[in-house]
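Residue numbers (this note's numbering), protein chains in the order written: chain X, 1 to 305; chain D, 1001 to 1294.
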């Protein structure tokens, strides 16, 4: 048998390696020493990992969210305590910190918990991102101190992830609270399917979001009225120009090419392209509102490097 | 090409009432047609789920009989003989999601009546994720669709229409736009025209959830119901309405799901699989009335 085959067998047969301090190293993330205990709950010592082939079954068909953000692996740990609900910890490893941020923002809806680089806690679930990891911790019931245990486990897992990473650069182009940004509404996206789940634009991929582009969607509240701003950045100006043409043809065919239309509900949609970016404001109460938001975002777009 | 693209503006147009023709057809590509109707039975029993959480088979069997009898307006056993015959090969499409699977009691209750209707046991199969590799499902002439009622990360709700996603080798191709293409699966030869009955198990439905494997007992309640019909769209419409009503009762508002269950409407308007307009669904209620919500 070749030496590298032996090494693989050894790795697969030794999934968990004890470490100091009651933590147990995870063979899939050898640098991580995940907690074996938290808030009185103990790990059941059954290692469970998934790759892109097995993720679909584990997620009951919902694997695309993670695959769209460069899924690299999932480690699952279940924690038990007699007479109390069990707790599940899911540790997803994504392609980059931006991808971890993307998965986090895609599903975010609750208040922050101050864990990791961004977190939310509510409805019996704690989610946070740190570095290239997205962590989801939830219990299958309430009572018996389970909520404090979720937080304790969350802090321990966050401590076990040594790396941090930057948020996607594109989000810095969003006008902030002074323009009415609702921060919890911000989503970082890479696929049109995911974009449509949060803000339906068209059933076809008219913005050419093919995985090489990145998008930021955010909701604003201006004068008590909601509107949305979408920024998309492409690899080069040619790709942006093609996508912009596709968008105008499919979504604003009545704009005479200038990207400005008062749509059927009486609100304004404005679209522009700047170098390798497309900016679209949806649902502004007035053209002036849309213009102001668009101009501000354009001024904040990163210059091509 | 642009003509066939459905955009947000199509929905705005409908909402604004500026395109009556689109409204009649639902979505571009839909056909205006005479308003169909559907019948759905909701049967409930207070003791179907014990205080220990166990499901009581004799009660589930009686509930199924009540539902089928009410649906067809006849004796249940006679109704079953109208649904399947000794010449049929019957696939019972169940659901195996480990957090809230189709209860074995519901599978067994269906199987018993299918056997009594004259189908040999060797010609009855029960399967979920293996249906494509299961030779019995490959030669099935009749399908009974049975699964639990719950929220679903991708489809908004996990109901009868969604349950056929395992009949395609590439389920992820049907996840776009809130799983709106799910109805298309029902037009494929492996299932088209074969479904004799849809049983949406609402014994312990899950009315709220987030993410794929989210399961919290707070959002599951002992409703003790079965929702039964031949029209999967109508059955799902009633099921989705029940979950929505429960969310409003529980949270004081209709807390948003991960995705709205648009696939039910699309199954009606685009694939013409049934009725999604509740005003055109006749709901027959039977059994335990307390806390029925709908």
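Note that the Cβ used here is the ideal one computed from N, Cα and C, for glycine as well.
Worksheet item: When burial is assigned at 16 or more other CB atoms within 10 Å of the CB, is residue 64 of chain X buried or exposed?
Response: So residue 64 of chain X counts as buried.
Discussion item. Distance check for residue 1270 of chain D and residue 1031 of chain D, CA to CA, integer angstroms please.
Written reply: Below a pLDDT of 50, predicted positions are generally treated as unreliable, and residue 1031 of chain D, at 34, falls in that range; the measurement from the model is reported next regardless. Residue 1031 of chain D and residue 1270 of chain D: Cα-Cα distance of roughly 8 Å.
Worksheet item: With a CB to CB cut of under 7 Å and the five nearest residues on each side skipped, what residues in its chain are close to residue 295 of chain X?
Response: none
Worksheet item: DSSP on residue 125 of chain X, reduced to helix/strand/coil?
Response: strand
Worksheet item: Within this structure, are the beta carbons of residue 1069 of chain D and residue 1076 of chain D separated by less than 8 Å?
Response: yes
Fill in: Proximity winner among D:1166, D:1162, D:1198 and D:1179, relative to residue 1142 of chain D (alpha-carbon distances)
D:1198
Worksheet entry | residue 1193 of chain D classed as buried or exposed, judged by whether at least 16 other C-beta atoms fall within 10 angstroms | exposed
Worksheet item: In angstroms, rounded to a whole number, what distance separates the CA positions of residue 257 of chain X and residue 143 of chain X?
Response: 59 Å
Worksheet item: Can you round the beta-carbon distance between residue 1146 of chain D and residue 1110 of chain D to whole angstroms, since I take them to be within the 8 Å contact cut?
Response: 6 Å
Practice prompt. Quick one: grab the DSSP three-state call for residue 1045 of chain D.
Written response: Coil at residue 1045 of chain D, not helix or strand.
Worksheet entry | Sequence-distant residues of the same chain with beta carbon closer than 8 Å to residue 198 of chain X, five excluded per side | 106, 187, 189 and 217
Worksheet item: So is residue 1051 of chain D in contact with chain X if we call contact Cβ pairs under 8 Å?
Response: no
Worksheet item: Is residue 1328 of chain D close to chain X, meaning its C-beta is less than 8 Å from at least one C-beta of that chain?
Response: Not covered by the structure: residue 1328 of chain D. The range shown for chain D is 1001 to 1294.
Practice prompt. Mind listing the chain D neighbours of residue 204 of chain X? Cutoff is C-beta to C-beta under 7 Å, in chain order.
Written response: 1005
Worksheet item: Taking the alpha-carbon positions, what's the residue 965 of chain D to residue 196 of chain X distance?
Response: Here chain D covers residues 1001 to 1294 and nothing more, so residue 965 of chain D does not appear.
Practice prompt. Could you check which residue in X:293, X:93, X:286 and X:109 has the C-alpha nearest to that of residue 131 of chain X?
Written response: X:93
Discussion item. Rounded to the nearest angstrom, what separates residue 1073 of chain D and residue 1159 of chain D at their Cα positions?
Written reply: 25 Å
Item to complete: Please state if the CB of residue 118 of chain X and the CB of residue 158 of chain X are separated by a distance shorter than 8 Å.
Response: no
Discussion item. Rounded to the nearest angstrom, what separates residue 1054 of chain D and residue 1196 of chain D at their Cα positions?
Written reply: 28 Å
Worksheet item: Where does residue 33 of chain X fall in DSSP's three states?
Response: Assignment of residue 33 of chain X by DSSP, reduced to helix, strand and coil, places it in the strand class.
Worksheet item: Closest Cβ-Cβ distance between residue 197 of chain X and chain D: below 8 Å?
Response: By this cut-off, residue 197 of chain X is an interface position.
Discussion item. Looking at residue 191 of chain X: is its Cβ nearer than 8 Å to the Cβ of residue 95 of chain X?
Written reply: no
Practice prompt. Would you kindly report the start and end of the unbroken beta strand (DSSP E) that includes residue 258 of chain X?
Written response: No beta strand (DSSP E) holds residue 258 of chain X; DSSP gives it neither H nor E.
Fill in: CB contact check: residue 136 of chain X to chain D, cutoff 8 Å
yes
Worksheet item: Closest by CA to residue 1214 of chain D, which one among D:1281, D:1081 and D:1154?
Response: D:1154
Discussion item. In the DSSP assignment, the beta strand (DSSP E) including residue 215 of chain X goes from what residue to what residue?
Written reply: 210 to 222
Practice prompt. Kindly indicate if chain D contains any beta-carbon less than 8 Å away from that of residue 244 of chain X.
Written response: No - not a single Cβ of chain D is within 8 Å of the one on residue 244 of chain X.
Practice prompt. Using the Cα positions of residue 71 of chain X and residue 234 of chain X, report the straight-line distance between them to the nearest angstrom.
Written response: The straight-line gap from Cα to Cα measures roughly 21 Å.
Worksheet item: How would you label residue 1206 of chain D, buried or exposed, when you count the other beta carbons within 10 angstroms and need 16 or more for buried?
Response: Buried: at least 16 other Cβ atoms inside 10 Å.
Worksheet item: Which residue comes first and which comes last in the alpha helix (DSSP H) that contains residue 196 of chain X?
Response: It spans 192 to 198 - the alpha helix (DSSP H) in which residue 196 of chain X sits, taken as one unbroken run.
Practice prompt. Could you check the C-alpha separation between residue 1181 of chain D and residue 1171 of chain D for me, to the nearest Å?
Written response: Distance between the alpha carbons of residue 1181 of chain D and residue 1171 of chain D is about 10 Å.
Worksheet item: Are there 16 or more other CB atoms within 10 angstroms of the CB of residue 1091 of chain D, so buried, or fewer, so exposed?
Response: buried
Worksheet entry | Residues of its chain near residue 293 of chain X, where Cβ-Cβ distance is below 8 Å and the 5 sequence neighbours each way are ignored | 175, 179, 220, 222, 227, 229, 281 and 284
Worksheet entry | Residue ranges of each alpha helix (DSSP H) within the segment 1159 to 1207 of chain D, 4 or longer | 1176 to 1179 and 1182 to 1185
Item to complete: Under the assumption that residue 35 of chain X contacts residue 139 of chain X (Cβ atoms under 8 Å), give the Cβ distance between them as a whole number of angstroms.
Response: Taking the Cβ atoms as the reference, residue 35 of chain X lies roughly 16 Å from residue 139 of chain X, outside the contact range of under 8 Å.
Fill in: Top-ranked residue by Cα proximity to residue 1120 of chain D, from D:1136, D:1134, D:1089 and D:1103
D:1089
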